[in-house]
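Chains as they are written, first to last, in this note's numbering: chain R, 3 to 310; chain E, 3 to 310. Built from N, CA and C at the ideal position, the CB exists for glycine as well. Just so we're clear, the structure is a prediction, and the values are computed from it rather than from any experiment. A short write-up of the structure that comes next.
Number of protein chains: 2
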Amino acid sequence: MTHFGDRLAAAVRRAGNPVVVGLDPRYDDLPAALNSSPAAARIDERAAACGRFCREVIDVVAARVPAVKPQAAFFEQLGPPGMQALADVMRYARDRGLLVIADAKRNDIGSTAEAYADAWLGHDSPWGADALTVSPYLGGDSLDPFVDAATRRGAGLFVLVKTSNPGGGQFQDLNAADRPLYRHVAAHVERLAAGSIGAEDYGSVGAVTGATYPAQLAELRAAMPHAWLLVPGYGSQGATARDVAGAFDARGLGAVVNNARGIIFAYRRPEYAGLGTTRWQDAVAAATDDMIAALRAETPAGRLVPRP
Amino acid sequence: MTHFGDRLAAAVRRAGNPVVVGLDPRYDDLPAALNSSPAAARIDERAAACGRFCREVIDVVAARVPAVKPQAAFFEQLGPPGMQALADVMRYARDRGLLVIADAKRNDIGSTAEAYADAWLGHDSPWGADALTVSPYLGGDSLDPFVDAATRRGAGLFVLVKTSNPGGGQFQDLNAADRPLYRHVAAHVERLAAGSIGAEDYGSVGAVTGATYPAQLAELRAAMPHAWLLVPGYGSQGATARDVAGAFDARGLGAVVNNARGIIFAYRRPEYAGLGTTRWQDAVAAATDDMIAALRAETPAGRLVPRP
Chain R
3 MTHFGDRLAA
13 AVRRAGNPVV
23 VGLDPRYDDL
33 PAALNSSPAA
43 ARIDERAAAC
53 GRFCREVIDV
63 VAARVPAVKP
73 QAAFFEQLGP
83 PGMQALADVM
93 RYARDRGLLV
103 IADAKRNDIG
113 STAEAYADAW
123 LGHDSPWGAD
133 ALTVSPYLGG
143 DSLDPFVDAA
153 TRRGAGLFVL
163 VKTSNPGGGQ
173 FQDLNAADRP
183 LYRHVAAHVE
193 RLAAGSIGAE
203 DYGSVGAVTG
213 ATYPAQLAEL
223 RAAMPHAWLL
233 VPGYGSQGAT
243 ARDVAGAFDA
253 RGLGAVVNNA
263 RGIIFAYRRP
273 EYAGLGTTRW
283 QDAVAAATDD
293 MIAALRAETP
303 AGRLVPRP
Chain E
3 MTHFGDRLAA
13 AVRRAGNPVV
23 VGLDPRYDDL
33 PAALNSSPAA
43 ARIDERAAAC
53 GRFCREVIDV
63 VAARVPAVKP
73 QAAFFEQLGP
83 PGMQALADVM
93 RYARDRGLLV
103 IADAKRNDIG
113 STAEAYADAW
123 LGHDSPWGAD
133 ALTVSPYLGG
143 DSLDPFVDAA
153 TRRGAGLFVL
163 VKTSNPGGGQ
173 FQDLNAADRP
183 LYRHVAAHVE
193 RLAAGSIGAE
203 DYGSVGAVTG
213 ATYPAQLAEL
223 RAAMPHAWLL
233 VPGYGSQGAT
243 ARDVAGAFDA
253 RGLGAVVNNA
263 RGIIFAYRRP
273 EYAGLGTTRW
283 QDAVAAATDD
293 MIAALRAETP
303 AGRLVPRP
């Protein structure tokens with residue numbers, strides 16, 4: 003299996019854009035056709051509806067973007083039937099040529115981390131993710147089993163470095179030895195990335211760096227030259243295309259930008275209200291295309307496609 | 003539903019000891035009767051075997067200890083059938099009067115953290131945990147939805163503060179403003195604990211503090227006087243009863259000590275080899291009783307039971 007960093011570069015080039023569609027199927031937000039009785043539905047019915055919703059989103063975006071990012075929390079919220087839906091959705095996305103980044107923010111100490119890595123990483127694993135988000139608090143030895151499994155299986159990792167939430171800085175921004183904690187984590191990620199490098203000059207190990215902190219995004223691009231950046235916070239969390247421009251390299255590679263609610267629930271946004279709730283898939287398509295256009299216009303991702 | 007800190011105190015008093023049995027069902031380590039063909043078994047067969055193994059462990063320990071701690075990683079490793087087994091095992095343990103601490107080390111930003119909290123916390127949630135382990139890297143606002151749900155549902159949290167692995171200090175021990183990161187996290191946990199306090203003077207929010215760092219354990223007991231400590235690292239990771247003595251208050255409350263492999267796979271330990279592999283449940287019983295005796299002899303937990 004090909005190196006994850008190279009596969010991601012190929013997928014971004016093929017799509018001509020770096021958009022990741024976040025699959026956050028909050029049941030209460032589903033279009034009316036899929037969520038007719040929110041209070042009464044049993045958990046297996048809710049899981050089935052969320053699975054169907056995600057598959058229909060995938061049908062719309064598969065030809066448009068390089069990757070999807072299912073958020074484990076919304077599937078776990080639906081218990082075991084939700085986890086079955088997650089597995090089904092991940093397979094459905096892979097079968098349609100999308101890379102699947104499982105956003106599960108897992109980690110544990112060494113031998114348990116091995117089990118998580120075995121669970122998630124690679125197409126032959128039980129969940130079959132192309133990449134997984136992981137948390138760094140437990141230290142480098144907790145990340146090693148993930149790195150080993152990712153390297154063996156052509157899969158990737160995105161380590162939380164600087165998250166997009168307002169309180170993310172409470173610990174991440176604490177200064178230790180003249181630089182914030184997130185820069186210590188970034189230095190570790192860069193070592194792992196440089197140690198797992200592929201033909202496109204990026205490693206199998208990348209970083210999660212929030213779009214809501216544009217200055218740090220450019221700083222972290224420079225601090226981790228070999229790490230793919232997974233950038234959340236675009237759209238509903240307030241970040242714009244211009245805010246994420248600093249995450250890219252000069253080729254327009256090196257970053258993928260996630261948008262969940264702003265795309266999958268676009269039918270609720272005023273700018274797409276004209277489509278009506280029954281045409282929610284058209285709203286997904288329009289919001290995806292609008293985000294692609296914005297990133298092409300305002301960031302180096304515009305270099306991925308020939309100028310008209 | 004009663005306050006989690008009070009329920010945990012009651013369960014520890016009722017059992018007369020603070021032992022938590024970790025349910026880490028590594029399929030390859032199961033007794034031969036449950037794992038006859040490791041290479042050939044399908045994932046649903048492995049999940050069924052792990053579920054049966056955990057239920058049999060629960061049958062042995064339910065009358066002996068206050069709580070069990072299923073490790074999500076080993077169930078996730080078995081895909082959706084593994085997650086069904088996890089839900090079944092958690093229910094089985096609850097039905098036998100054990101508190102269930104789901105060791106999943108979850109977290110995410112606010113609105114997604116809400117989904118995780120809703121998934122796991124409380125007996126009416128899809129997974130039905132009495133408590134959940136969570137990671138602090140994303141900051142206090144990522145913990146708030148967990149605290150809110152725990153408070154509403156009589157459930158608890160254990161926030162990673164100082165983990166038991168050799169490399170745990172890489173980030174946790176970084177000095178920021180004259181104290182290590184883990185002390186900043188501990189200060190935050192103490193605020194949450196003091197803000198959710200019950201009749202036994204402990205909050206709904208506790209901390210994970212590894213037994214493998216005995217000096218820090220006592221330091222953290224003092225720094226978080228209102229936080230229950232969940233102490234991993236006993237036994238297979240090298241910590242002894244004496245190492246965990248500093249985690250308790252003068253009543254013998256305030257800490258629960260986890261042991262997974264050392265109990266559930268005790269049939270593989272030299273000291274229980276005489277029982278043979280077919281009597282693996284007897285080895286579970288003996289290892290549990292031996293750990294209880296050691297904690298009673300070497301720690302303030304001895305005060306939980308009348309002196310003979």
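Residues of chain R whose Cβ lies closer than 8 Å to the Cβ of E:D120 are, in chain order, Q79. Taking the Cα of R:R298 as reference, the smallest distance to any Cα among R:Y274, R:A243, R:L32, R:R44 is reached at R:A243. For E:K164, the beta-bridge partners assigned by DSSP are E:T211. Under the three-pair Cβ rule at 8 Å, the segment 84–97 of chain R counts as touching the segment 51–65 of chain R.
The C-beta distance from R:D132 to R:V102 rounds to 5 Å, short enough to fall under 8 Å. Among the residues facing chain R, E:V187 is included, as its CB has a counterpart in that chain under 8 Å away. The beta-carbon distance between R:D105 and R:Q73, rounded to whole angstroms, is 5 Å. This is short enough to meet the 8 Å contact definition. When secondary structure is reduced to three states using DSSP, R:R54 falls in the helix class. Distance from the CA of R:E78 to the CA of E:P308, rounded to the nearest whole angstrom, comes to 43 Å.
Looking at the backbone, the Cα of R:A268 and that of R:S38 are separated by about 19 Å.
Boundaries of the alpha helix (DSSP H) around E:L10: 6–17.
An exposed status is given to R:T279, since fewer than 16 other beta-carbon atoms sit within 10 Å of its beta-carbon.
E:P128 has a beta carbon lying within less than 8 Å of a beta carbon in chain R.
Unbroken alpha helix (DSSP H) stretches of 4 residues or longer found wholly inside the segment 93–140 of chain R: 112–122, given in chain order. Annotation: the continuous alpha helix (DSSP H) that includes R:L183 extends over 183–196. The C-beta distance from R:A213 to R:L219 rounds to 7 Å, short enough to meet the 8 Å contact threshold.
In the three-state reduction of the DSSP assignment, R:G158 falls in the strand class, which pools E and B. In its chain, beyond the 5 residues on either side, A121 have a beta carbon closer than 7 Å to the beta carbon of R:P128. Of the candidates E:A34, E:R270, E:A241, E:A241 places its Cα closest to the Cα of E:S166. Within chain E, not a single residue places a beta-carbon under 7 Å from that of R:D31; the smallest gap is close to 11 Å.
Under the Cβ distance rule, R:A178 counts among the residues neighbouring chain E, one pair being separated by less than 8 Å. Taking a C-beta distance under 8 Å as the contact criterion, E:A49 and E:P83 qualify as a contact pair. Distance from the CA of E:G18 to the CA of E:V191, rounded to the nearest whole angstrom, comes to 27 Å.
Per the coordinates, the alpha-carbon of E:V136 lies some 29 Å from the alpha-carbon of R:A217. Residues N19, P20, F250, G254, L297 of the same chain have their beta carbon placed closer than 7 Å to that of R:A303, with the five preceding and five following residues left out of the count.
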